[in-house]
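Peer 1: Structure provided below as structure tokens; questions to follow.
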Amino acid sequence: MIVECGHFALILALFVALAQSTVPLAGAARGNAGWMELARSSALLQFLLIALAFGALMEAYAVSDFSVINVVENSHSDKPLLYKVTGVWSNHEGSMLLWVFMLSLCGAAVGAFSNHLPPALRARVLAVQGMIGVGFLLFILLTSNPFLRASPAPSDGQGMNPVLQDPGLAFHPPFLYLGYVGFSVAFSFAVAALIEGRVDPAWARWVRPWSLASWCALTIGIAMGSWWSYYTLGWGGWWFWDPVENASLMPWIVGTALIHSSIVVEKRDTLKSWTVLLAIVTFSLSLVGTFLVRSGVLTSVHAFATDPARGAFILLLLVVAIGGSLTLYAMRAPALGGGGLFAPLSREGALVLNNLLLACGAATVFVGTLYPLFLDAVGGPKISVGFPFFDQTFVPLMVPLLLAVGPGSMLAWKRGDLLGVLQRLWAAFGFAIAVVLGAFYVTHGGPVLAVLGLGLAAWIFGAAATELAERLRLFRPPLAGVLRRAANLPRASWGMTFAHMGLAITVAGVSASAFESETINVLQPGESLTVAGYTLRLQGVERHRGPNYLYDEATIAVDRDGRQVALMHPERRTFPLQRQSTTEVAIRTNLLADLYVATGDPDAGGGWTIRAYYKPLVPWIWIGAVIMALGGITSLSDRRWRVGLPSRKAKSRAAAPVGPVAG
Amino acid sequence: MIRVLALLFAMLAGLAGAVEPGERLADPALEARARAISRTLRCLVCQNESIDESNAPLAHDIRVLLRQRLVAGDADAAARQFIVARYGDFVLLKPPLEPATLLLWFAPVLLLAAGGASVALHLRRRPAAPPPPLSEEERRRIAEILKETEA
Amino acid sequence: MRRLLYLLPLVLFVVLAGYFSLSLGEGSRELPSALIDKPAPDFVLPPLRTGDAVSLAGLRGQVTVVNFFASWCVPCRLEHPMLMRLANQDRISIVGIAYKDRPQDAQKLLDDAGDPYSRVGLDESGRTGIDFGVYGVPETYVIDKEGRIRRRFVGPLTPDAVAKELLPLLRRLRQP
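For the record, the sequence lines run as chains A, B and C. The numbers in this note's numbering rise by one with no breaks, and the one at position 296 of the first sequence is 296. One rule links them: number in this note's numbering = place in the second sequence (from 1) + 1000. One rule links them: number in this note's numbering = place in the third sequence (from 1) + 2000.
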């Protein structure tokens, strides 16, 4: 019964979305306030209905209602409750429901937090959101309905992949989807602006919080996925340039360009058509990612069960959404107008460089991911594009960008003094050199690129610190003045500092992965091996029983300099239902480095294969990502978004728009 | 579909990945070469790992075979080619540079050049016309606004 | 002129959508064999049943279907009835190769499910499989009279594949 309610709610949501897509749009064109107001109420109603549907599916999973086909295919009565519930989005149909849940959540949020938006713009934005909703709700109801009943109902489910029973993995989709789907708001704003025919600094101010929030969520989602791979896959790999990973990275890269580009529109009223295009492209990449994952066009261990009919439907959605918005762009963008002038060497110029390199980076990842597909479609040879391609193309594109982050953020608007900025960065440069020399010494002349990477990270960090210090006038007494300036510094500035520092930390972690050491041996209980100055002694292995698996737990004593430092317990789990085994790695971290131990199969003689790795700075990869997201959130909490938001008085089309009211 | 499932199961079976101690060659130089070459070959079962990382049985077999070839005296390129002859270019993680892949390898450079050119063009086409002078009505509005903010 | 630049994203997208629709229609995600039209690898394998070794030389002069299977392979069970039909009704001679299987397990499979093979070779190490470029089981190869590999089928043989591709190919290759 609850399931049928959920199903019905979804159908109702479709009709609400239809209304939301059409009536407000007509209202905006005719100036009918009542019709425009419908946008907000329908966005809220759509969200409530979809939330109801989502809740219904969640309930079916929680009580293990095996009369629902989706639950049968993806759940089992033995699964812990947490994983039953998170299993809702572990499959195609359920994750599509999560998708539209996030979409309607964003739409309702825009409706709720947009009092300062002119009604016509708000109506158009919500109308576009509604159109996207219509497309995806139709997709779900017609091809991917999670509420279909199984008759007769089996007595138990087909279980789920044991590897997916993990907190990191269970929670990373919601963040990821909030990110992907959140960029639909920027997309809607862009399309609405194109329909209206104008983009001004006020528009950029409205778009930015939504883009930033989505970007933060996507950063966390990608970082969680990467961290999950690291501790699950048994040797510490954290990025594979897998097509599905790339599908999440590309919107992130272009989203980064978007949030930076919208700063320029807001501050200098230029780069408008470029920013609008970025907003369209970011969400388009999310849509293309959805297509790639669910259509069977690319094989990936991440991909859901595939069905060409679904693929064709999504392709149709893509053609309408992306084709439509890009057509609108081609028609309206030339009229958007130029705006402020700036010298090439200026903050605007630096942000243009930022956009260019990020866009080329995303395009490179795009080409690499899809090239085998293209080649195959034109009848060429079947090749594969793996990490060597991306390492040799993406990384060289990013290096100049990373070098420019520091100086770029310190250049003045309109006309900057690059030489002056570089001189002010002498301390950061010195710090970078010191790190490079230190790293060379410590790693005994380790891989040059990795050492230079560490230097690059130090440069970015030092530059961010210098920029902050200058703003706070840190080295000018009195201290009270510094503290006062720190308290009054706009949160957006703090946000930028944190985000760039987080970037530096991640770059350091990534570079240091070249310095890891590895020892793999077969050990009998009592024997030991050494890795990076640690001695690991296998004390014994015991068999235990878990909730739905059996496991062999090894106890390993870790000594350093003769003293025991830790006791680690890697496990090897066997799931009888699926006849599979998985490895639970033991990781001991001091946040500066990880000691990573995994057990392999036992051999006939009672010996166990022990793989031990010492990975310096690896935790920084994810710590840096979290700090970047925190920077974004800090920026979001800036009072500019909450107080004194610009309002645009209604003016005739002929007159130029009034700029934002100072505040 | 079946194949995808088989692929998933194979990948997940024994996720401790990589070289078994028993596979390692006695000669450290040869072993280092074997590891290096393994890292460039794709595991065909779990299609986004190298055979050095993958724990699939096929990856194990190819690792062993590779080491046999090196012990038999093959140079790196010959040993790699031994595998490529059987599985095709697809097994190479780094796409070979050949006519079909020229566009792939040169894409980043071409994109950068195209992007850079359009940026340069955009910046060059300035200066834009100066904004038109304020009309009487606009002047009055500004005076109003200034009065409001002062009040 | 600059207006045309604004059209570029749309044009690129249309090309992309075109490629996507082409690849949706493709269907086949299998890896093509690197040995198509090349001589089949030389192999000599111990037989499952008593008798002569199973070797490439022994197959020369006739069109052969070689099927890699294993008792531990679930999809192989799916295609087994099809193989029985091909052997019994269509009278196709199929040489089986038990890939990475113990002889007793392979024998048990054939005892339980039926034996469609004219000969069965044992590839316990999997080396012959690698020589053929096998990357999973089941895989089926068509070898012509001169000993060249003409086609590979990856995964269980479907009725569609058999009717539309395998049988016509065999007919074509058998013509003198």
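We put the beta carbon where it would ideally sit given N, CA and C, even for glycine. Everything numeric in this text was worked out from a predicted model, so none of it was measured.
I need the straight-line Cα distance from C:Val2011 to A:His76, nearest angstrom please.
Peer 2: Along the third sequence, one-based indexing puts residue 2011 of chain C at 11. Along the first sequence, one-based indexing puts residue 76 of chain A at 76. So the two alpha carbons sit approximately 48 angstroms from each other.
Peer 1: Would you mind working out which of A:Thr443, A:Ala127, A:Leu345 and A:Gly94 sits nearest A:Gly416, comparing C-alpha positions?
Peer 2: Locating residue 416 of chain A in the first sequence gives position 416, counting from the first residue. The option with the nearest alpha carbon to A:Gly416 is A:Leu345.
Peer 1: Run the CB neighbour count on A:Gln580, radius 10 Å, all protein chains shown included, and call it buried at 16 or more, exposed below.
Peer 2: As a position in the first sequence, residue 580 of chain A is number 580, starting the count at 1. The residue in question, A:Gln580, is buried, as its Cβ has 16 or more Cβ neighbours within 10 Å.
Peer 1: Given that a residue counts as buried once 16 or more other Cβ atoms are within 10 Å of its Cβ, and exposed if not, what is A:Pro570?
Peer 2: The residue given as residue 570 of chain A occupies position 570 in the first sequence. The residue is buried, with at least 16 neighbouring Cβ atoms inside 10 Å.
Peer 1: For a cutoff of 7 angstroms on Cβ pairs, would you count C:Leu2010 as touching chain A?
Peer 2: In the third sequence, residue 2010 of chain C corresponds to position 10, counting from 1. It does; some Cβ of chain A falls within 7 angstroms.
Peer 1: If you pair each beta-carbon of the region 99 to 119 of chain A with each one of the region 129 to 139 of chain A, do three or more pairs fall below 8 angstroms?
Peer 2: In short, these stretches touch, since the Cβ pair count reaches three.
Peer 1: Within its chain, find whatever has a CB closer than 7 angstroms to the CB of A:Arg332; leave out the 5 residues flanking it on each side and keep chain order.
Peer 2: Numbered from 1 along the first sequence, position 332 holds the residue referred to as residue 332 of chain A. For A:Arg332, where only same-chain residues beyond five positions count, the Cβ hits under 7 angstroms are Leu194 and Gly197.
Peer 1: Identify whether C:Thr2050 lies in helix, strand or coil by the three-state DSSP scheme.
Peer 2: Here the question's residue 2050 of chain C lines up with position 50 in the third sequence. Looking at C:Thr2050 - three-state DSSP - the assignment turns out to be coil, as it is neither helix nor strand.
Peer 1: Report the start-end ranges of each beta strand (DSSP E) in the region 2061 to 2140 of chain C that is 3 residues or longer and not cut off at the edges.
Peer 2: With a minimum length of 3 residues, the continuous beta strand (DSSP E) runs that stay inside the region 2061 to 2140 of chain C are 2064 to 2069, 2094 to 2099 and 2117 to 2123.
Peer 1: So what does DSSP say about C:Ile2143, is it helix, strand or coil?
Peer 2: Stepping through the third sequence from its first residue, residue 2143 of chain C is reached at position 143. DSSP places C:Ile2143 in strand when its eight states are reduced to three.
Peer 1: Any Cβ of chain A within less than 7 angstroms of the Cβ of B:Asp1074?
Peer 2: Residue 1074 of chain B sits at position 74 when you count from the first residue of the second sequence. Chain A, which has no Cβ nearer than 7 angstroms to the Cβ of B:Asp1074, makes this no.
Peer 1: Who are the Cβ neighbours of A:Ala554 in its own chain at under 7 angstroms, not counting the five residues just before and after it?
Peer 2: In the first sequence, counting from the first residue as 1, residue 554 of chain A sits at position 554. So the qualifying residues of the chain are Leu538, Val541, His569, Pro570, Thr599 and Trp608.
Peer 1: So which residues on chain A does B:Glu1049 lean against when the C-beta distance must stay under 8 angstroms?
Peer 2: Counting from one through the second sequence, the residue named residue 1049 of chain B turns up at place 49. Going along chain A in sequence order, the residues near B:Glu1049 (Cβ under 8 angstroms) are Gly237 and Phe240.
Peer 1: Roughly how many angstroms lie between the CA atoms of C:Asn2088 and C:Gly2126, to the nearest whole one?
Peer 2: By one-based count along the third sequence, residue 2088 of chain C stands at place 88. By one-based count along the third sequence, residue 2126 of chain C stands at place 126. Their backbone Cα atoms lie some 28 angstroms apart in a straight line.
Peer 1: With distance defined between alpha-carbon atoms, name the residue in A:Tyr596, A:Gly631 and A:Arg573 nearest to A:Ala557.
Peer 2: What you label residue 557 of chain A is simply residue 557 of the first sequence in a count that begins at 1. Closest by alpha carbon: A:Tyr596.
Peer 1: Once the 5 residues before and after A:Thr232 are set aside, which same chain residues still bring their CB inside 7 angstroms of it?
Peer 2: Counted from its first residue, the first sequence places residue 232 of chain A at position 232. The answer, listed in chain order, is Val163 and Asp166.
Peer 1: At the level of alpha carbons, what is the spacing between C:Phe2020 and A:Val297?
Peer 2: The count along the third sequence starts at 1 and reaches residue 2020 of chain C at position 20. The count along the first sequence starts at 1 and reaches residue 297 of chain A at position 297. Approximately 8 angstroms, taken between the alpha carbons.
Peer 1: May I ask you to list, following chain order, the residues of the region 309 to 333 of chain A that have a beta carbon less than 7 angstroms from some beta carbon of chain C?
Peer 2: Residues passing the 7 angstroms Cβ filter: Gly311, Ala312, Leu315, Leu318, Val319, Ile322, Gly323, Leu326, Thr327, Tyr329, Ala330 and Ala333.
Peer 1: Compute the beta-carbon to beta-carbon distance between C:Ala2017 and A:Val319, rounded to the nearest angstrom, for a pair I have assumed lies under 8 angstroms.
Peer 2: Numbered from 1 along the third sequence, position 17 holds the residue referred to as residue 2017 of chain C. Numbered from 1 along the first sequence, position 319 holds the residue referred to as residue 319 of chain A. Confirmed, Cβ separation roughly 5 angstroms.
Peer 1: Quick check: what's the CA-CA separation for B:Glu1137 versus B:Ala1143?
Peer 2: Here the question's residue 1137 of chain B lines up with position 137 in the second sequence. Here the question's residue 1143 of chain B lines up with position 143 in the second sequence. Cα-Cα distance, rounded: 10 angstroms.
Peer 1: Below 8 angstroms on the Cβ atoms is my contact criterion, and I expect A:Ala120 with A:Met36 to pass it. Report the Cβ-Cβ distance as a whole number of Å.
Peer 2: Within the first sequence, the letter at position 120 stands for residue 120 of chain A. Within the first sequence, the letter at position 36 stands for residue 36 of chain A. Right, their Cβ atoms sit about 7 angstroms apart.
Peer 1: Would you say A:Val276 reaches chain B, if we count a Cβ-Cβ gap shorter than 7 angstroms as a contact?
Peer 2: As a working mapping, residue 276 of chain A is identified with position 276 in the first sequence. So no, A:Val276 is outside the interface.
Peer 1: Using C-beta distances below 7 angstroms, list every residue in its chain close to A:Val228, excluding the 5 sequence neighbours before and after it, in chain order.
Peer 2: Here residue 228 of chain A refers to the residue found at position 228 when the first sequence is read from its first residue. Correcting the residue type first, residue 228 of chain A is Trp in the shown sequence and not Val. Excluding sequence neighbours, A:Trp228 sits near Asp166, Gly168, Leu169 and His172.
Peer 1: Which residues of the region 357 to 386 of chain A have a Cβ closer than 8 angstroms to any Cβ of chain C? Give them in chain order.
Peer 2: Residues passing the 8 angstroms Cβ filter: Leu370, Leu373, Phe374, Asp376, Ala377 and Lys382.
Peer 1: In terms of alpha-carbon separation, which member of C:Gly2136, C:Val2142, C:Leu2173 and C:Ser2071 lies closest to B:Leu1058?
Peer 2: Locating residue 1058 of chain B in the second sequence gives position 58, where the first residue counts as 1. Taking only the C-alpha atoms, the option nearest B:Leu1058 is C:Gly2136.
Peer 1: Measure the CB-CB distance between B:Ala1079 and B:Arg1069 and report whether it falls below 7 angstroms.
Peer 2: Mapped onto the second sequence, residue 1079 of chain B falls at position 79. Mapped onto the second sequence, residue 1069 of chain B falls at position 69. Yes. Within cutoff.
Peer 1: For A:Val293 and chain C, any beta-carbon pair shorter than 7 angstroms?
Peer 2: If you number the first sequence from 1, residue 293 of chain A lands on position 293. No, because no Cβ of chain C sits closer than 7 angstroms to the Cβ of A:Val293.
Peer 1: If you measure between the beta carbons of C:Asn2067 and C:Thr2140, is that distance less than 7 angstroms?
Peer 2: Looking up residue 2067 of chain C in the third sequence gives position 67. Looking up residue 2140 of chain C in the third sequence gives position 140. Going by C-beta atoms, C:Asn2067 is nearer than 7 angstroms to C:Thr2140.
Peer 1: Can you give me, in chain order, the residues of the region 1078 to 1092 of chain B that have a beta carbon less than 9 angstroms from any beta carbon in chain C?
Peer 2: Residues Ile1083, Val1084, Ala1085, Arg1086, Tyr1087, Gly1088, Asp1089, Phe1090 and Val1091.
Peer 1: Does B:Val1119 have its Cβ less than 7 angstroms from a Cβ in chain A?
Peer 2: As a first step, residue 1119 of chain B must be located in the second sequence, where it is residue number 119. Yes, B:Val1119 lies at the interface with chain A (some Cβ there is under 7 angstroms from its Cβ).
Peer 1: For C:Arg2150 and C:Cys2073, I'd like the C-alpha separation in whole angstroms.
Peer 2: Within the third sequence, numbered from 1, the residue matching residue 2150 of chain C stands at position 150. Within the third sequence, numbered from 1, the residue matching residue 2073 of chain C stands at position 73. The straight-line gap from Cα to Cα measures roughly 25 angstroms.
Peer 1: Going by C-alpha distance, which of A:Trp239, A:Trp235 and A:Leu44 is nearest A:Trp622?
Peer 2: For this step, residue 622 of chain A is matched to residue 622 along the first sequence. Cα-wise, what sits closest to A:Trp622 is A:Trp239.
Peer 1: Measure the beta-carbon distance from A:Leu98 to A:Pro174 and round it to whole angstroms, keeping in mind my assumption that it falls under 8 angstroms.
Peer 2: As a working mapping, residue 98 of chain A is identified with position 98 in the first sequence. As a working mapping, residue 174 of chain A is identified with position 174 in the first sequence. Right, their Cβ atoms sit about 7 angstroms apart.
Peer 1: Between A:Ala321, A:Leu402 and A:Met496, which lies nearest to A:Phe136 when the distance is taken from Cα to Cα?
Peer 2: Taking the first sequence and counting its residues from 1, one reaches residue 136 of chain A at position 136. For the residues A:Ala321, A:Leu402 and A:Met496, the minimum Cα distance to A:Phe136 belongs to A:Ala321.
Peer 1: For the region 2123 to 2134 of chain C, which residues have a beta carbon sitting closer than 9 angstroms to at least one beta carbon of chain B?
Peer 2: The residues in question are Ser2125, Gly2126, Arg2127, Gly2129, Ile2130, Asp2131, Phe2132, Gly2133 and Val2134.
Peer 1: Taking all protein chains shown into account, do 16 or more other C-beta atoms lie within 10 angstroms of the C-beta of A:His664, making it buried, or fewer, making it exposed?
Peer 2: Because residue 664 of chain A is not part of the residues shown, which for chain A are 1 to 663, the question remains open.
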